[in-house]
Amino acid sequence: MKKGTNKSKWILIVVSLMFFSIGAYFFTDSSEEKLAVSTDSKPMRKAKAVDLEEFPLQWREVDTFEQVNEFYEERIHGLSLAREKELTVRPQESTPIPDKDGRMQINEVWHSGPTIHVLYSIDLSALTRKDGDDKETKYLVQPPSVESINIESMNGSDKQSFQHHSQPLHPRDTVVFENRVYGLIQLPPITEKWGYNFDPHDIKDYDQDFLTSFSLRIDHRTIETKGMPVRYFHDKDGHVLQSYTTDEVYSDDLVTVEPTSINIGVASSYVKMKIEADGEEIGQSVHAVIKTEEGSEHPVRLYLNETEEENVYEAWFQPPSEPLTEAVSLELGSLHIHDDTPYSFTVDMTQFKDHSNESVVLNEKVGEAYNTDIILEQVDSFSGTNMNLQLKYEPHEADQEEKLVGAQLAPMNSLQEEREKFVEVVTNEGETTEANIWGHDNRGDIHFQSPALRNAKEITVTVNKMVYAHKLGHTFDLNK
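Printed below as a string of structure tokens:
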């Protein structure tokens, strides 16, 4: 991993899911005081009754509030524990949906650190057409969606908007309870330039009120709600469950690894370690297992982020699903290392004749390195101008010291437009296209597009660098 001039950024691939939560909520102006959480409370306002069976969308209805809580906690890692530790905020705010017979309500907000979870509900009555509308049915056929969320300071001096990928409240992703459909938006933390790219060290304690509004898409119309005052609260120390250290250092002929601190949190955890590799370029991931004295094991994939300290990396990961109450150890399985040696192979393009979508299974050996066979497993062609190559990496022995892997070469903590291209595709006519390889362990994928592919009889694909896994196999005993 090459040292950059800028601080490493963490790209979160945030997926907007649509679910629901409900509660009797109250607000406090005290920044010192945590909000109490009552998981068996309900909204004070009753929603207008609607015949759910008349909706063509066929939303799934649950019978009890406990089922709603279970539905949420199954889908948001750590939510149950966050509620128990009083880390969530429950506003008592709703707003009418303009020109609709119903309201929207923000029920709960959890600022977990890397992610803000906003749990909301919409009255089903707001998703019906008015009696005077010239439509065959007053019930929607297409599910509504949340287009964006807008956050503005209470005095209007600061305003930010987050435009996430619009996600409909699809029946398979939602539940209905007492005439409301419930959803969830997951957002990156609020920063100066709100977006997916941020430095995790910029996540500090946070406690501020913002007017929060939504852009909704209902019946092919975009509707803007009024702002609701919402407290966005993050207690950094409150999210830490256990902190560990170790005095051990692992060293072999190639690498030296020294974990310096391990934090297990409610929503995210990290390992900080010093790694030196005898002049080699460190890759981006470490295979590890967190083990307990009772014998439970929690595999984690550690993606290394550079820090401002030389040869010191941080790797963030999702915490184990159960609290770690007994003695804990950290086993490091293997470390990815880069090798500047390229490898190439050719693909016969004459097998794709009519420029349609087509897949050809090949399972051909196209190379070998680090006692690992490189197999071109499948080639997918889309409209004659887009291609995807599936590579498989098969080590000769199951437990060999080093093996070639299909890990990506482009840094995960880089923006797409900044990523260096590590794959070159050249047609038999000399046309060149650049691409990248993505994958893990025994699988790699190369996707590229070029109009020149339509007339090519053969292409030569060159991967300009290798990634190999160097076996560590060392267990560190951790101390609280």
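Taken in order, the sequence shown gives residues 36 to 515; the numbers are from the numbering used here.
For each residue, glycine too, the CB sits at the ideal point set by N, CA and C.
Just so you know, these numbers come straight off a predicted model, no measurement behind them.
In the structure shown, HIS482 falls within a strand segment according to DSSP collapsed to helix, strand and coil.
Setting aside the 5 residues that flank it on each side, TYR378 is surrounded in the same chain by GLY402 and VAL498, each with a C-beta closer than 6 Å to its C-beta; the list follows chain order. With respect to GLY148, HIS274 sits close: the two C-beta atoms are nearer than 9 Å. Residues ASN406, THR407 and LYS438 of the same chain have their beta carbon placed closer than 7 Å to that of PRO430, with the five preceding and five following residues left out of the count. In this structure, LYS309 lies away from LYS271, with their beta-carbon atoms at least 9 Å apart. When the beta-carbon positions are compared, VAL144 and PHE268 come within less than 9 Å of each other. Note that the region 325 to 344 touches the region 353 to 363; at least 3 beta-carbon pairs, one per stretch, sit closer than 8 Å. SER115: member of the alpha helix (DSSP H) spanning 114 to 119, first to last residue.
If you look at VAL301, you'll find it isn't in any alpha helix (DSSP H); DSSP assigns it neither H nor E. Around the Cβ of VAL395, a 10 Å sphere holds fewer than 16 other Cβ atoms; the residue is exposed. Closest by C-alpha distance to HIS373, out of PHE352, MET501 and SER303, is MET501. By the Cβ test, the region 155 to 163 is in contact with the region 78 to 94, since at least three Cβ pairs between them sit closer than 8 Å. Residues of the same chain with a CB within less than 7 Å of the CB of ILE317, apart from the 5 flanking positions on each side, are MET36, ILE310, LEU339 and ILE372 in chain order.
At a Cβ-Cβ threshold of 9 Å, LEU488 and ASN471 do not count as neighbours.
If you ignore the 5 residues before and after ASN463, its C-beta comes within less than 7 Å of the C-beta of ALA491, LYS492 and GLU493, all in its own chain and listed in chain order. With 16 or more other Cβ atoms from the protein chains shown falling within 10 Å of its own Cβ, GLY479 counts as buried. In the DSSP annotation of this structure, TYR231 is not part of any alpha helix (DSSP H), being labelled neither H nor E. Taken through DSSP and simplified to helix, strand or coil, SER201 comes out as coil. Residue pairing of VAL284 in beta bridges, as defined by DSSP: absent, with no partner found.
Between ILE297 and LEU276, the C-beta spacing is not below 9 Å. In the DSSP assignment, the residues bridged to HIS333 are ILE325. For the pair PRO91 and ASN392, the Cα-to-Cα distance works out to about 34 Å. Note that the C-beta distance between ILE151 and ILE253 is not below 9 Å. From the listed residues VAL210, GLU128 and THR468, the smallest Cα separation to MET263 is found for GLU128.
Between LEU370 and HIS505, the beta carbon gap of about 5 Å places them in contact (Cβ cut-off 8 Å).
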